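Enquirer: The following block contains the structure, expressed as structure tokens.
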Amino acid sequence: MPDLSNVPNVPDLGSDLLGVALRSAIVYVFLVLALRLIGRREVGQLTIPDLVVLLVIANGVQNAMVGSNTSVAGGIVSTITVLAIARGIQIAVNRSRRFAEAFVGEPRLLVTDGRVDVAAMREEEISISDLMEALHEHGIERLEEVHLAILE
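The following block contains the structure:
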């Protein structure tokens, strides 16, 4: 078992409404950054394991966000905090290239004139079948028909 005696204690933020707001903000920013590091996959492309991960994370962070405050007001404060931060991040992404790179990432060229960039596909963890599925959804049957395919 690892020795955790040197790990600093996180201050207790309490369960009053200000504590709920602070907890929610910390957890939201952490989750956005953590999920950003895992990779980008559109919600419509979530697999069953992806969905299970999201559900387990949601359950796991619930107490971290609201603590022992199970009141309606606590839930509302947590929700408003998360929505406000999400809106703030969207505004910052639209105004700052550096912020956009950190929270959204840069577009990635996957196909040029029918040729697949295998390295880019590997780095983005996209399979050929995933690529072809996305192309089929846009009415494209063959890679040769693709001038540019960009992951945004």
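Residues 32 to 183 in my numbering are what the sequence shown spells out, letter by letter. Glycine included, each C-beta is placed from N, C-alpha and C at the ideal position. On a predicted model such as this, the values are computed, not experimentally measured, just so you know.
Going by the DSSP bridge assignment, what does R146 pair with across the sheet?
Expert: The sequence position of residue 146 within the sequence shown is 115, counting from 1. Note: R146 sits in a beta bridge opposite T143.
Enquirer: Compute the beta-carbon to beta-carbon distance between V51 and G105, rounded to the nearest angstrom, for a pair I have assumed lies under 8 Å.
Expert: Here the question's residue 51 lines up with position 20 in the sequence shown. Here the question's residue 105 lines up with position 74 in the sequence shown. About 5 Å separates the two Cβ atoms, so the contact holds.
Enquirer: So G98 and G45 are in contact, right, with Cβ under 8 Å, and what is the actual spacing, rounded?
Expert: What you label residue 98 is simply residue 67 of the sequence shown in a count that begins at 1. What you label residue 45 is simply residue 14 of the sequence shown in a count that begins at 1. The pair is a contact, with the Cβ atoms about 7 Å apart (cut-off 8 Å).
Enquirer: Roughly how many angstroms separate the alpha carbons of E156 and L49, rounded to a whole number?
Expert: In the sequence shown, the residue the question calls residue 156 occupies position 125. In the sequence shown, the residue the question calls residue 49 occupies position 18. Whole-angstrom Cα-Cα distance: 40 Å.
Enquirer: Spell out a yes or no on whether the stretch 134-147 and the stretch 171-179 are touching, meaning 3 or more CB-CB pairs, one atom from each, closer than 8 Å.
Expert: Because the criterion of three Cβ pairs below 8 Å is met, the stretch 134-147 and the stretch 171-179 touch.
Enquirer: Taking the straight line between their C-alpha atoms, what separation do you get for H169 and N100?
Expert: Here residue 169 is taken as the residue at index 138 of the sequence shown, counted from 1. Here residue 100 is taken as the residue at index 69 of the sequence shown, counted from 1. So the alpha carbons of these two residues sit roughly 47 Å apart.
Enquirer: For a minimum of 4 consecutive residues, which ranges assigned as the alpha helix (DSSP H) are wholly contained in the stretch 90-166?
Expert: Entirely contained in the stretch 90-166, the alpha helix (DSSP H) runs reaching 4 residues are, in chain order, 103-126, 128-134, 149-154.
Enquirer: What are the partner residues of I181, as DSSP defines its beta bridges?
Expert: The count along the sequence shown starts at 1 and reaches residue 181 at position 150. L140.
Enquirer: Does DSSP put D47 in a helix, a strand or coil?
Expert: Along the sequence shown, one-based indexing puts residue 47 at 16. Here D47 sits in coil by DSSP.
Enquirer: Using 8 Å as the threshold, is the C-beta distance between T110 and A56 below it?
Expert: Residue 110 sits at position 79 when you count from the first residue of the sequence shown. Residue 56 sits at position 25 when you count from the first residue of the sequence shown. Not a contact, by the Cβ cut-off of 8 Å.
Enquirer: Once you ignore the five residues that flank V124 on each side, which residues in its own chain have a CB closer than 7 Å to its CB?
Expert: Reading the sequence shown from its first residue, position 93 is the one you call residue 124. So the list reads F130, A131, F134, V135, once near-sequence residues are dropped.
Enquirer: Check whether the Cβ atoms of A89 and V58 sit closer than 8 Å, and answer yes or no.
Expert: Residue 89 sits at position 58 when you count from the first residue of the sequence shown. Residue 58 sits at position 27 when you count from the first residue of the sequence shown. For A89 and V58, no; Cβs fall outside 8 Å.
Enquirer: Reducing DSSP to helix, strand and coil, say where E176 ends up.
Expert: For the purposes of this step, residue 176 is identified with residue 145 of the sequence shown, where counting begins at 1. Helix at E176.
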